[in-house]
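*Asks:*
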Amino acid sequence: MPWGDVLRAQMARPPGSSPGLLSRLSGVPQATIVNWLEGRVARPRRWEDLVRVGDAMRLGRDEVDELLAAARHPPVVELARSADAAGRALPR
C-alpha cells in the first residue's frame, strides 16, 4: 500500500484529522501533508516529520512504525539508536 494511503487511513481513525489540524499540532507545513496525501512525494526525506505527525495523531509506536515502513524508513527503535549515536533526540 502506498505510504500516503497508510497516512490517509490513520487520519480517518476517530477522532479524525485534517491536514490543517495536523500541521498546527505537528509543526509540519500543511502543504507538505497535502503533498503526501496526494501522492506528490514518493518518499519523505525527513522521517522526523513523520514521527511528528504520528505524535500529533497520538499514534502508538506500532502505528508510527507502520507509517515509517510504508515510507521506507526504519522503525522508531532503529531511528532512536541512530539519533542517539548522532547526539540527537527523537522529536516528541
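Each number in our numbering comes from the position in the sequence shown (counting from 1) with 92 added on. Note that beta-carbon positions come from the ideal geometry of N, C-alpha and C, so glycine has one too.
With a 10 Å radius around its C-beta and 16 neighbouring C-beta atoms as the bar for buried, classify Ala-104 as buried or exposed.
*Replies:* Classification of Ala-104: exposed, given that the 10 Å Cβ count is below 16.
*Asks:* So which of Val-143, Leu-99, His-165, Ser-174 has the shortest CA-CA distance to Gly-131?
*Replies:* The shortest Cα separation from Gly-131 among Val-143, Leu-99, His-165, Ser-174 belongs to Leu-99.
*Asks:* Tell me whether Leu-48 sits in a helix, a strand or coil according to DSSP, three-state version.
*Replies:* Because the chain in this structure spans residues 93 to 184, residue 48 falls outside the shown range and cannot be described.
*Asks:* Just to confirm, are Val-168 and Leu-159 a CB contact at a threshold of 8 Å?
*Replies:* No, the pair does not count as a contact, with Cβ atoms beyond the cut-off.
*Asks:* Identify, in the order they occur along the chain, each residue of the same chain with its Cβ nearer than 6 Å to the Cβ of Pro-166, setting aside the five sequence neighbours on each side.
*Replies:* No residues qualify anywhere along the chain.
*Asks:* Helix, strand or coil for Ala-123, going by three-state DSSP, please let me know.
*Replies:* Here Ala-123 sits in helix by DSSP.
*Asks:* With 16 as the cutoff for other CB atoms within 10 Å, does Val-145 come out buried or exposed?
*Replies:* Label assigned to Val-145: buried.
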